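Engineer: Numbering (the numbering used here), first residue to last: 158 to 533.
All residues carry an ideal CB built from backbone N, CA and C; glycine is no exception.
Every value quoted in this text rests on a predicted model; they were computed, and no experiment measured them.
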């Protein structure tokens, strides 16, 4: 909108002249689109002028600075993430990456190009083409047993020298050692384990644990910032971020995740069926069977094969089951003796099940009294 404001000047009486009045531009400023332009009128003999102010209060800016700044910020926080192993779990993670505005590539032995396109992911059948995209992050979502051959098959010479390698395996010391053996020292290493999957995290990741260990991160703010931006993806989704060494993770996971999968597969062998009178506890067992059976046996085998703590847990589970059976049979023996001989066993001779020692401690040898009791 333009506004014209006449400025008052001292009137000058008209002077007759034969020549018409000539108009000339005596002053014009161009400081800004909103600057004032001044016009003057003159005649050959005497000067009389009137100055006009022109104010352009809605002049368009050459660009939207706010949009420019917003776009610059988005570019600075955006990562190029290459998912190697685009199966069920890789697709599950890709949805969150794309949702948060990151650029996602994918590679797998199976052609998932159609699924990738539907998710907004660029799929590469050839790993050379994938690495030539120079991703910021290489995320391994392979099975545990195929991790090493897949890693060794990647043409890492085509990557940027400071590329960040990340895994999401259910064991941690194994991929850590493989990364350190195979990858040159100029690559960064971050070992992670989302303690959830497509089933348990299908509705929300809020308060679900995400374990991570910054194994090897190079110097420089850009490399440290890249790791933080990757971890921020899971934090924004509401995950409970748990920094933990790979060794600590495997020790805890053997006593929780491996035992959970073992019990689920044992119950699966029983072929449990739902009943009209299911209790809450029984429903929990059925859900456990459903959740564990949906995972491949390769995953369960990997939890056993590549976690040195798993064998100990399996032995402890076997000992616990044997101890429980002995307690049941010991109680039955007491009842039978009472029926046959009219008296119960002495209180001190009854075998009572106690909790097994913690991990790393062997079960105590049976006492001499217990051995005598069994012999009787």
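(1) If you run the structure through DSSP and keep just helix, strand and coil, what is residue 373?
(2) Are there three or more Cβ pairs, one per stretch, closer than 8 Å when the region 312-330 is compared with the region 377-391?
(3) Taking Cβ positions only, does residue 253 come closer than 9 Å to chain D?
(4) DSSP beta-bridge partners for residue 349?
(5) I want to know whether the region 293-303 touches the region 458-469 - three or more CB-CB distances under 8 Å.
(6) Going straight from the alpha carbon of residue 424 to that of residue 410, what length do you get?
(7) CB-CB under 6 Å to residue 499, same chain, minus the five flanking residues each way: which ones, in chain order?
(8) By DSSP's criteria, residue 239 is part of a beta bridge. Which residues make up the other side?
(9) Evaluate contact between the region 480-498 and the region 342-355, counting only Cβ atoms and requiring at least three cross-stretch pairs below 8 Å.
(10) Going residue by residue through the region 388-420, where are the continuous alpha helix (DSSP H) segments of at least 4 residues, counting only ones entirely within it?
(11) Bridge partners of residue 321, per DSSP?
(12) Rounded to a whole number of angstroms, what is the C-alpha to C-alpha distance between residue 109 and residue 244?
(13) Distance, Cα to Cα, residue 380 vs residue 374?
(14) Is the region 390-410 touching the region 353-371, taking contact as three or more C-beta pairs under 8 Å?
(15) Counting only the same chain and skipping the five closest in sequence on each side, list residues whose C-beta sits under 7 Å from that of residue 189.
(16) Count the other CB atoms, across all protein chains shown, that sit within 10 Å of the CB of residue 325; report buried if there are 16 or more and exposed otherwise.
(17) Hey, could you find the ends of the alpha helix (DSSP H) residue 434 is sitting in?
(18) If I'm right that residue 276 touches residue 257 with Cβ under 8 Å, what's the distance once you round it to whole angstroms?
(19) The alpha helix (DSSP H) with residue 334 in it runs from where to where?
(20) In the DSSP assignment, the alpha helix (DSSP H) including residue 310 goes from what residue to what residue?
(21) I'd like to know whether the C-beta atoms of residue 335 and residue 316 end up nearer to each other than 9 Å.
(22) Just to check my reading of the structure: residue 239 and residue 264 have Cβ atoms closer than 8 Å, yes? What is that Cβ distance to the nearest angstrom?
(23) For the alpha helix (DSSP H) containing residue 275, name the first residue and the last one.
(24) According to DSSP, is residue 461 helix, strand or coil?
(25) Closest by CA to residue 330, which one among 471, 463 and 468?
(26) Between residue 377 and residue 293, what straight-line distance do the alpha-carbon atoms span, to the nearest angstrom?
(27) Out of 412, 270 and 252, which has the shortest C-alpha to C-alpha gap to residue 467?
(28) Let me know the secondary structure DSSP gives residue 281 once reduced to three states.
(29) Does residue 382 come out as helix, strand or coil in the three-state DSSP assignment?
(30) For the alpha helix (DSSP H) that contains residue 257, what are its first and last residues?
(31) Return helix, strand or coil for residue 359, following the three-state DSSP convention.
Structural biologist: Put simply:
(1) In the three-state scheme derived from DSSP, where H, G and I count as helix and E and B as strand, residue 373 is classed as strand.
(2) Because the criterion of three Cβ pairs below 8 Å is met, the region 312-330 and the region 377-391 touch.
(3) Within the model displayed, chain D is absent; a lone protein chain is all it includes.
(4) Looking at the DSSP assignment, residue 349 forms a beta bridge with 369.
(5) Inter-segment contact for the region 293-303 and the region 458-469 is present: three or more beta-carbon pairs are separated by less than 8 Å.
(6) It is roughly 20 Å from the alpha-carbon of residue 424 to the alpha-carbon of residue 410.
(7) Around residue 499, the same chain offers no residue with a beta carbon nearer than 6 Å, after the five sequence neighbours per side are excluded.
(8) Beta-bridge pairing links residue 239 to 262 and 295.
(9) The answer is no - the region 342-355 does not touch the region 480-498, with fewer than three Cβ pairs under 8 Å.
(10) Correct list: 403-410.
(11) The partner list for residue 321 (beta bridge, DSSP) reads 294 and 345.
(12) Nothing in the structure corresponds to residue 109, since the chain is present only between 158 and 533.
(13) Between residue 380 and residue 374, the C-alpha separation is close to 7 Å.
(14) Yes: at least three Cβ pairs fall under 8 Å.
(15) In this prediction, residue 189 scores a pLDDT of 49, lower than 50, which makes its location untrustworthy; the coordinate-derived value is nonetheless stated afterwards. Excluding residues within five positions, none has a Cβ falling inside 7 Å.
(16) Burial call: buried.
(17) Premise fails: residue 434 is in no alpha helix (DSSP H) and is neither H nor E.
(18) Contact between residue 276 and residue 257 does not hold, since the beta-carbon distance rounds to 13 Å and is not under 8 Å.
(19) In the DSSP assignment, residue 334 falls within the unbroken alpha helix (DSSP H) covering 330-339.
(20) Note, residue 310: alpha helix (DSSP H), 304-310.
(21) Going by C-beta atoms, residue 335 is not nearer than 9 Å to residue 316.
(22) So it is a contact: roughly 7 Å between Cβ atoms.
(23) Residue 275: member of the alpha helix (DSSP H) spanning 270-276, first to last residue.
(24) Correct three-state label for residue 461: helix.
(25) With respect to the C-alpha of residue 330, the residue from 471, 463 and 468 having the closest C-alpha is 463.
(26) Distance between the alpha carbons of residue 377 and residue 293: 15 Å.
(27) Nearest option by C-alpha distance: 412.
(28) Secondary structure of residue 281 (DSSP, three-state): coil.
(29) Reduced to three states, the DSSP call for residue 382 is helix.
(30) No alpha helix (DSSP H) contains residue 257, which DSSP labels as neither H nor E.
(31) In this structure, residue 359 counts as coil in the three-state DSSP scheme.
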